[in-house]
Ligand code: NOJ
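Put into structure tokens, the structure is as follows:
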């Protein structure tokens, strides 16, 4: 089977991780500009001041993408570049930059897929409570409206938010991301609800503008599986899926939060301050979503947590699903499994779990269109005779693309695949050591770009539409 002509082979990035130019051309300061400069917060105190200088080199980068045959580029727009103080004046230079970037994509026939929020919040809003303050919801809708009006004639694919669970849980539970608040479920649930509300309002607004493109949200998807058939572990995995999957997918695709969680957080006094009007807009906007974006890297293997002491994980080496994390409510924890394959950063490599996860999405949410908006391997790439021979990345993406093919054959409605990342970029907490790209960026040599082995491999896959996968 070949992938259909309307299936998009893409690659992704995010503004803070690639652009640099943190204080140029009228850009406002973001929460990440501030947070990353607090000593010890990131690996070797790396920050996005320069990143990979995509702001100045986007032409060179997009040319390389075109050479690779990339059909679509998923990038994010930096809110503080567009509206420097969050909800005040628009910065024309910011609009100009994204106009240029979008036009450059179109010049090569690359479909621009824009994410409105990939974690860099204007610092003014962060200081006023960030996502726990409803001012940010209102500000986001205005910012989104600005982007739709400026770019919507050419951008027909929009993602509102990237990985709400990640920026909210690291922001308010483990403290690994700004605003670095730990162990605060009240703020966490308020922030998640405010983001979901902002999403719902934005989707409705976009439809009112009648720009005839598509809009959705991207969720981090870490399906939780019990390690065995013990009832207590099966229950632990169910609980994990309710809090970490359903809490985010249900309001977007079904229009209501999962009852199981709603009931428990009420008992615990964690219910967000939500109004009937907000719950109503969440309900009425659900059917307006055109797609769901899914970022999949790994599953979580779950057991019941017997240890009474709740350990809040704040390790930059760990992600939500990675083994060794105890859930914030102390109910479950993630473990390594025997015979599991793991990356250098301890993330499980499990394409089978990806297929199971996609089946679960179809079972729970029906035929909603799916884009795999991120998937890829973080590695310290091998360099032999000055060539970047990233064979493990090729193997990883190959196995996951096979799953996408199989899923489509089973009738799961997947319309595109975006490798993370199109080019090496700044990892939020891990600096430049952890690479994901098809294009290498030489940190020691003027940020020169170089094609990796995977570049040629992905080009071939796209040319042949995955026929020999
Ligand atoms: C998900 C995030 O969206 C992206 O920004 C990050 O770099 C990758 N995961 C890899 O951790």
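Residue numbers (our numbering): 19 to 487.
A virtual CB, placed ideally from N, CA and C, is assigned to each residue, including glycine.
| Asked | Found |
| --- | --- |
| Tell me the rounded alpha-carbon separation between residue 78 and residue 54. | 27 Å |
| Tell me whether the beta-carbon of residue 448 lies closer than 9 Å to the beta-carbon of residue 459. | no |
| Taking all protein chains shown into account, decide if residue 274 is buried (16 or more other Cβ within 10 angstroms of its Cβ) or exposed. | exposed |
| In chain order, what are the residue ranges of uninterrupted beta strand (DSSP E) at least 3 long that sit wholly in the segment 24 to 55? | 26 to 30 |
| Mapping the DSSP letters down to three states, classify residue 500 as helix, strand or coil. | Because residue 500 is not part of the residues shown, which for the chain are 19 to 487, the question remains open. |
| In the segment 428 to 468, which residue ranges form an unbroken beta strand (DSSP E) of at least 3 residues, counting only runs that do not cross its ends? | 432 to 438, 457 to 460 |
| Can you give the beta carbon distance from residue 407 to residue 83, rounded, assuming they're within the 8 Å contact cut? | Not really, about 21 Å apart at Cβ, beyond 8 Å. |
| Could you tell me whether any non-hydrogen atom of the ligand NAD is closer than 8 Å to the CB of residue 253? | This structure does not include the ligand NAD; its bound ligands are the ligand NOJ. |
| Which residue comes first and which comes last in the beta strand (DSSP E) that contains residue 470? | Looking at the DSSP string, residue 470 is not in any beta strand (DSSP E), and its letter there is neither H nor E. |
| Taking the alpha carbon of residue 433 as the point to measure from, which residue in 312, 471, 414 has its own alpha carbon closest? | 312 |
| Is the segment 118 to 125 touching the segment 146 to 157, taking contact as three or more C-beta pairs under 8 Å? | no |
| Tell me, which residues are paired with residue 401 by DSSP? | 406 |
| Do you know how far the Cα of residue 294 is from the Cα of residue 499? | Nothing about residue 499 can be read from this structure; the chain reaches only from 19 to 487. |
| Since residue 311 sits in a beta bridge, which residues does DSSP pair it with? | 236, 389 |
| Please classify residue 268 as buried or exposed, where buried requires at least 16 other C-beta atoms within 10 Å of its C-beta. | buried |
| By a C-beta neighbour count over all protein chains shown, 10 Å radius and 16 as the cutoff for buried, is residue 135 buried or exposed? | buried |
| Hey, quick one: how far does the beta strand (DSSP E) through residue 91 stretch, first residue to last? | 90 to 94 |
| Could you work out which residue in 375, 325, 310 is closest to residue 133 when comparing CA atoms only? | 310 |
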